[in-house]
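Asker:
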Amino acid sequence: MKKTLLLVDGSSYLYRAYHAMPDLRNAQGEPTGALYGVISMLRRLVSDYKDTAQFGACVFDAPGGSFREQMYPQYKANRPSMPEDLRAQIPAIHEAAAALGWTVIATPGVEADDVIGTLAVQAAKSDFYTIISTGDKDLAQLVNDQVELINTMSGDRQDREGVIRKFGVPPERIIDYLMLTGDTVDNVPGVDKVGPKTAAKWLNEYGSIEALVAQAGQIKGVAGANLRQAVDHFPLTRDLLTIKLDCDLPPEYAVAAMPLRDPDQATLIRLYERYGFRSWLREATGDPDRLPQQDARVAQPQAVPSAPDQLRYETILDQDHFAQWLERLRAAPLVALDTETTSLDPMAARLVGLSMAVEPGHAAYIPVGHRAPGTPDQLDRAWVLDQLRPWIEDPAAPKLLHHAKYDAHVFANEGLALRGVRHDTMLQAYVLQSHRRVNLQDLCIQWLGVTGTTYEDLCGKGARQIGFDEVDLERAAHYAAEDADFTLRLHQVLLPQVQAHPGLLSTYELEIRTSDVLVRIESNGVAIDADVLARQSHELGQQMIDLEAQAHTLAGQPFNLNSPKQLGEILFTQMQLPVLRKTAGGAPSTDEDVLTRLAADYPLPRLLLDYRGIAKLKSTYTDKLPRMIDARTGRVHTRYAQAAVITGRLASSDPNLQNIPVRTAEGRRVRSAFVSSLGSIVSADYSQIELRVMAHVSGDANLRRAFAEGQDIHRATAAEVFGVAPDQVDAEHRRAAKAINFGLIYGMGEFGLASNLGITRAAAKSYIDRYFMRYPGVAEYMDRIRRQAREQGYVETVFGRRLYFPDLAGAKGPRAAAAERAAINAPMQGTAADLIKMAMVAVQDWMSADGLRSLMVMQVHDELVFDAAPDEVDVLRQRVPELMAGVAELAVPLVAEVGVGRDWGEAH
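Numbers given in the numbering used here equal positions in the sequence shown, counted from 1, plus 268.
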């Protein structure tokens, strides 16, 4: 067997691991995600190539930059500095790589690519075959008959033919290719507007960049002009992109001096112990019950089950086997259930198979829609669903899922109603740690210390991704059964922690019930009048044309309003407006914040903001919404993400109904396109809910009295702050008081209030001081919440939902101030989220019990929207606000206001 050298581009992988992994930390709060990801990759490489590679090195960039910065000071200038959490993990990553048997190299003055290139050349001279593990496209220039690339994270392999398939050019033309496309990551200039397709086309047509340059005068259009303009910097670009193949490396880095060694188990055990890697620690020690002495990721380590001694994953292909499992399902106290489908869109997804787990390590998969070549005969889908229907639809048959809302839609698409959902591990994790990601893979790493097969492992990603129904059945069945098994094992860890705190348990129970209501709302959808939107789109387009003409007049010349480069030239070079901030590349920023600040003094930035607002409204809503109408239902079906916002709020997407502007006339008009299919739209909205929650949690007597007496709270605040009688409060007083009321519950300081009201910071400070003098309970509450957030790392809603703020730990300056502002607002926003979810559940329960034909069709912030049957409008108008006001008893009354109209705009 030919000698093989395995080279790892460590710098590429540590960044990719850092961004791919969740924010894992050990008991001491040290970050561990990148360390975990790199160790996983190195372990997998050793496993995959243990019979192939005898030599290996893991190569990292050394601190201090390289010769390229001396050649071109702007090299990598766009890259942000390395995150501190990543920098802190590098010593441990190096130590772990060495302990796993790799030679670790970091050579000053050159990059990891250069060391890898040099070693590959030396290896070839000694008749070695070299495999380079990387995610960096630059290294494709090294590929030849003795060198290939692999990407451990994606499974992609690139020999010569693989490079041609990926880039459209052979390895010897990769430098030419990159000279044309440039490298934005490293700030290496290319040819403006020339992308991968054009670069490959030119090189295949002309053969080389030299031949292309010789014929540059014949290339027409903008691309040709840009090419001719770029020719002068090509020599520099080539030098920057060419990997150095003759680095001066010490003798200990000679290829033959770098055998892959046996792991240093003592060092690995120490690292796994310190950083809390449970499954690896068990493996390294041979002790299946071994856990790190301290592991902050598990609040109750004794609740963590040992991994099953053996896995029994079965694939059900005949009726007798199915009958055995059906009996298991009926007898089990709880079944973990999962679906595999054709789409991530819940309204379109069709079933490919189901997996079930009844005990840890024991799961089965029933394929019903696989179509890969060589797939054995599967049970008939209709027969399987008919047999399962009594169990799936039985509310007394306890089921556990991860993201049950999605699976409920899948079953509904097949004509089944999923009932009996007792638990959802996604919601358990969300209730425990709403600031963390809740996908199954991340949770298994965090709570079980295990990793499984990923969807991308099976299906690939990007343009080459295949459907799950095209995956080899044996691999697909293992993946599906593993998901059900991991869900069950995760539930055994998470549920005891939820149950240990009454507030968390009640929050979790509310989320379970909310999930069921959201399935109904999403399925109901909302009717859209496409003709209304078409007219609005036309009108908005005309407004954009008018604004563009006005902008050209103000600028004294035509320019592209959508081009930051041209806009920067107009504003800061020709008009000499002050530069408030620069981009990472050094150009003056023209983002919304900069334009907003400039708009206070200059007309063109104000006009540009208007143009951008209308353009966004047109592209996001009036143009897009008609295309989102479901052909089967004739309605638009948004998706509500239940576990995405730290405070407990729902997030709406595809389309996002919560971001339709309400402060502009054009934004409000979009709501007029949301119409009733039954008769009328009814909208019920909590009145000033967050201010009422502030009155409750702060205990401030004046604030509570104002709400108890039904006063206009902004008028009452104006009277208090400005020292006038309520009937003497004018519009300007009330506007300022409204800004103070809402600003302070969001933690706004004097600078923010001054900007909001267009006053001096001294005046803003005076307003805030007078506010706190009149409402001392609010000031005391804010101080108390700041302390709690710093001491506990979390705050709570009125009902016990925990809202974590890990950024407060050790934070200073603006970062700490931002985290404190968020912590001050979180109990109000979180409590409001709890209340609207309680209201959704209460109202839907009533509508179902009374058999109403009307539909709950949207939840937007503190508002519920209904498509109402004509004979049910009056009962909705009366009963819905009663139910919303009665879901909880606070120190001030809850009030819901109701509107009725032909469309949402008229009803709101």
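Glycine included, each C-beta is placed from N, C-alpha and C at the ideal position.
If you follow the beta strand (DSSP E) that ARG425 is in, where does it begin and where does it stop?
Answerer: Unbroken beta strand (DSSP E) run through ARG425: 424-426.
Asker: Could you check whether ILE838 and LEU1071 sit closer than 8 angstroms to each other, using their CB atoms as the reference points?
Answerer: Not a contact, by the Cβ cut-off of 8 angstroms.
Asker: In whole angstroms, what separates the C-alpha of ARG687 from that of ILE1013?
Answerer: Cα-Cα distance, rounded: 40 angstroms.
Asker: Please classify HIS287 as buried or exposed, where buried requires at least 16 neighbouring CB atoms within 10 angstroms.
Answerer: HIS287 is exposed by the Cβ-count criterion.
Asker: Does DSSP put ALA1159 in a helix, a strand or coil?
Answerer: Note: ALA1159 maps to coil in three-state DSSP.
Asker: As a quick exercise: from VAL459, LEU354, LEU410, ALA823, pick the residue whose alpha carbon is nearest that of PRO439.
Answerer: Measuring from the Cα of PRO439, the nearest candidate turns out to be LEU410.
Asker: Quick check: what's the CA-CA separation for ARG657 versus ALA748?
Answerer: Their backbone Cα atoms lie some 20 angstroms apart in a straight line.
Asker: Kindly indicate which residue of ASN927, MET843, GLY854 has the alpha-carbon position closest to the one of LYS884.
Answerer: Taking only the C-alpha atoms, the option nearest LYS884 is ASN927.
Asker: Output needed for ALA522: all residues of its chain with C-beta closer than 6 angstroms, excluding positions within five of it in sequence on either side, in chain order.
Answerer: Hits under 6 angstroms: none found.
Asker: Just to confirm before moving on: does the CB-CB distance between PRO1177 and ARG1002 stay below 8 angstroms?
Answerer: The requested residue 1177 is not part of the displayed model; the chain covers only 269 to 1176.
Asker: In whole angstroms, what separates the C-alpha of HIS905 from that of HIS671?
Answerer: The straight-line gap from Cα to Cα measures roughly 18 angstroms.
Asker: Taking only the alpha-carbon atoms, compute the straight-line gap between ALA880 and ARG939 and give it to the nearest angstrom.
Answerer: Reading off the sequence shown, one finds Arg at residue 880, where the question assumed Ala. One C-alpha to the other measures close to 20 angstroms.
Asker: Is the segment 951-964 close to the segment 1154-1162, with three or more CB pairs under 8 angstroms?
Answerer: Yes, since at least three Cβ pairs between the segment 951-964 and the segment 1154-1162 fall closer than 8 angstroms, the two stretches touch.
Asker: Return the first residue and the last residue of the beta strand (DSSP E) that ILE634 is part of.
Answerer: Looking at the DSSP string, the run of the beta strand (DSSP E) that includes ILE634 is 630-635.
Asker: Can you tell me whether SER476 is buried or exposed, with buried defined as 16 or more other CB within 10 angstroms of its CB?
Answerer: Exposed, since its Cβ has fewer than 16 Cβ neighbours within 10 Å.
Asker: Exposed or buried, GLU1150, counting other C-beta atoms within 10 Å across all chains shown (16 or more means buried)?
Answerer: Counting Cβ neighbours within 10 Å, GLU1150 comes out exposed, since fewer than 16 surround it.
Asker: Pairs of beta-carbons, one from the segment 716-736 and one from the segment 599-618, closer than 8 angstroms: are there three or more?
Answerer: At 8 angstroms Cβ cutoff, the stretches touch.
Asker: CA-CA distance, ILE949 and THR452?
Answerer: Near 50 angstroms, if we compare the C-alpha coordinates of THR452 and ILE949.
Asker: Three or more C-beta pairs closer than 8 angstroms, one from the segment 616-633 and one from the segment 683-702: is that the case here?
Answerer: The segment 616-633 vs the segment 683-702: no contact.
Asker: To the nearest whole angstrom, what separates the beta carbons of PRO644 and ALA745, a pair I think is in contact under 8 angstroms?
Answerer: Their Cβ separation, rounded to whole angstroms, is 11 angstroms, which puts PRO644 and ALA745 out of contact at 8 angstroms.
Asker: Can you tell me whether ILE487 is helix, strand or coil according to DSSP?
Answerer: Residue state, collapsed to three classes: coil.
Asker: Just confirm the distance between the C-beta atoms of ALA325 and TRP370, as a whole number of angstroms; I'd bet it's less than 8 angstroms.
Answerer: Indeed they touch by this definition, with Cβ atoms about 6 angstroms apart.
Asker: By the three-class DSSP mapping on this structure, what secondary structure does ASP1135 have?
Answerer: In the structure shown, ASP1135 sits in a strand (DSSP, three-state: E or B).
Asker: Determine the DSSP secondary structure at THR841, reduced to helix, strand or coil.
Answerer: In the structure shown, THR841 sits in a helix (DSSP, three-state: H, G or I).
Asker: Just how far apart, CA to CA, sit ARG542 and ASN294?
Answerer: One C-alpha to the other measures close to 7 angstroms.
Asker: Determine contact between the segment 790-798 and the segment 910-924, defined as no fewer than three beta-carbon pairs at a distance below 8 angstroms.
Answerer: Too few Cβ pairs lie closer than 8 angstroms, so no.
Asker: Does DSSP put SER951 in a helix, in a strand, or in coil?
Answerer: Note: SER951 maps to strand in three-state DSSP.
Asker: Decide yes or no for the touch test of the segment 525-542 against the segment 318-332: beta carbon pairs closer than 8 angstroms, at least 3 of them.
Answerer: Result yes; three or more Cβ-Cβ pairs closer than 8 angstroms.
Asker: Here's the rule: buried if 16 or more other CB atoms are within 10 angstroms of the residue's CB, otherwise exposed. What is SER334?
Answerer: Looking at its Cβ environment, which holds 16 or more other Cβ atoms inside 10 Å, SER334 is buried.
Asker: When DSSP builds the beta bridges, which residues end up paired with SER315?
Answerer: None; SER315 has no bridge partner.
Asker: Check this for me: beta carbons of ALA1022 and TYR698, under 8 angstroms apart or not?
Answerer: Against a cut-off of 8 angstroms, the Cβ pair of TYR698 and ALA1022 comes out as no contact.
Asker: Going by C-alpha distance, which of HIS1176, VAL276, PRO1074, ASP1102 is nearest GLU298?
Answerer: Selected option, being the one with the closest Cα: PRO1074.
Asker: Starting from VAL276 and walking both ways along the beta strand (DSSP E), at which residues does that stretch end?
Answerer: Unbroken beta strand (DSSP E) run through VAL276: 272-277.
Asker: Suppose the cutoff is 7 angstroms on Cβ atoms and the five residues either side in sequence are ignored; what does the same chain contact list for LEU653 look like?
Answerer: Hits under 7 angstroms: GLU682, LEU684.
Asker: Helix, strand or coil for ARG690, going by three-state DSSP, please let me know.
Answerer: Correct three-state label for ARG690: strand.
Asker: In the DSSP output, which residue or residues are listed as bridge partners for PRO527?
Answerer: PHE323, per the DSSP bridge assignment.
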